[in-house]
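Residues 1 to 164 (full-length UniProt numbering) are what the sequence shown spells out, left to right.
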Amino acid sequence: MDQKVLVLNGDYTAITLCSVQKAFVLLFLDKAEMVAKSEQGVLRTISHAYPKPSIIRLQRYVRVPYKGIALSRHNIFKRDHFECQYCGSTKNLTLDHVVPRSRGGESSWTNLLTACSRCNHAKGHHTPNEAGLTIRQQPKKPTLAGFLKLSAGTIDQNWHAYLN
Numbered sequence: 001m002d003q004k005v006l007v008l009n010g011d012y013t014a015i016t017l018c019s020v021q022k023a024f025v026l027l028f029l030d031k032a033e034m035v036a037k038s039e040q041g042v043l044r045t046i047s048h049a050y051p052k053p054s055i056i057r058l059q060r061y062v063r064v065p066y067k068g069i070a071l072s073r074h075n076i077f078k079r080d081h082f083e084c085q086y087c088g089s090t091k092n093l094t095l096d097h098v099v100p101r102s103r104g105g106e107s108s109w110t111n112l113l114t115a116c117s118r119c120n121h122a123k124g125h126h127t128p129n130e131a132g133l134t135i136r137q138q139p140k141k142p143t144l145a146g147f148l149k150l151s152a153g154t155i156d157q158n159w160h161a162y163l164n
């Protein structure tokens, strides 16, 4: 029951992920409709068996003010797949400013990346080029659809049409 369900707004745009239990409650109260069923079992009550949802759509359009994805340590680690963007290590991870703060670098999606403490210490207050380090993947701000893919862990095949 720990799998996720993709929640679509009334206009079929992806807005969030929720638990199977929450999705079932929304379906049961007629606040959502099932768009796609999961192929991983059913939900059982004493007298009935219900298909497990994979994608649900809210019956009414809900205005969701999009504030973007919060810039946080955990979200940067998630964007970078919890590995150092210089050497690929997954141990002793920290945040690194590509352009150091001592040189006017800001804390933003495009200037922060995940680095192991060894690479971060070797880089010091230099830029990656000055320190002789190569960035594996340039840091960029994630999209909502991309971030939902990262948050889900395993992605149901039915989701691809709504997350691309």
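Think of the CB as a built atom: it goes at the ideal place given N, C-alpha and C, for glycine as much as any other residue.
Residue 88 versus residue 111: straight-line alpha-carbon distance, rounded
Residue 88 and residue 111 have their alpha carbons spaced roughly 18 Å apart.
Pairs of beta-carbons, one from the segment 25–38 and one from the segment 54–72, closer than 8 Å: are there three or more?
With a cut-off of 8 Å, the segment 54–72 and the segment 25–38 count as touching, because enough Cβ pairs lie within range.
Considering only the alpha carbon of each residue, which of 39, 94, 107 lies closest to residue 118?
Ranking 39, 94, 107 by Cα distance to residue 118 puts 94 first.
Return the residue from the list 121, 64, 92, 20 that minimises the CA-CA distance to residue 144.
From the listed residues 121, 64, 92, 20, the smallest Cα separation to residue 144 is found for 64.
Buried or exposed: where does residue 46 fall if 16 or more other Cβ atoms within 10 Å of its Cβ makes it buried?
Counting Cβ neighbours within 10 Å, residue 46 comes out exposed, since fewer than 16 surround it.
For residue 148, which residues in the same chain have their Cβ closer than 8 Å to its Cβ, ignoring the five residues on either side in sequence?
If we look at residue 148 and ignore the five residues flanking it on each side, its Cβ neighbours are 6, 14, 16, 17, 163.
Classification of residue 134 by the beta-carbon crowding that lies within 10 angstroms, buried from 16 upward
Burial call: exposed.
Buried or exposed (CB count within 10 angstroms, at least 16 for buried), residue 154:
Counting Cβ neighbours within 10 Å, residue 154 comes out exposed, since fewer than 16 surround it.
What did DSSP end up calling residue 142 once you bin it into helix, strand or coil?
Three-state result, residue 142: coil.
Rounded Cβ spacing between residue 20 and residue 53 (contact assumed at less than 8 Å):
7 Å between Cβ atoms; contact.
Spatial neighbours of residue 157 within its chain, please: C-beta separation below 6 Å, excluding the five flanking residues on both sides.
Excluding positions up to five away in sequence, the list is empty.
Which value, in whole angstroms, describes the spacing of the CA atoms of residue 146 and residue 122?
So the two alpha carbons sit approximately 31 Å from each other.
I need the boundaries of the alpha helix (DSSP H) containing residue 117, first residue and last residue.
First-last of the alpha helix (DSSP H) with residue 117: 117–123.
Tell me which residue opens and which closes the beta strand (DSSP E) that residue 40 is part of.
Judged by DSSP secondary structure, residue 40 falls within the beta strand (DSSP E) whose first and last residues are 32–44.
Using only CA atoms, which one of 31, 130, 97, 40 lies nearest to residue 9?
It is 31 whose Cα lies nearest to the Cα of residue 9.
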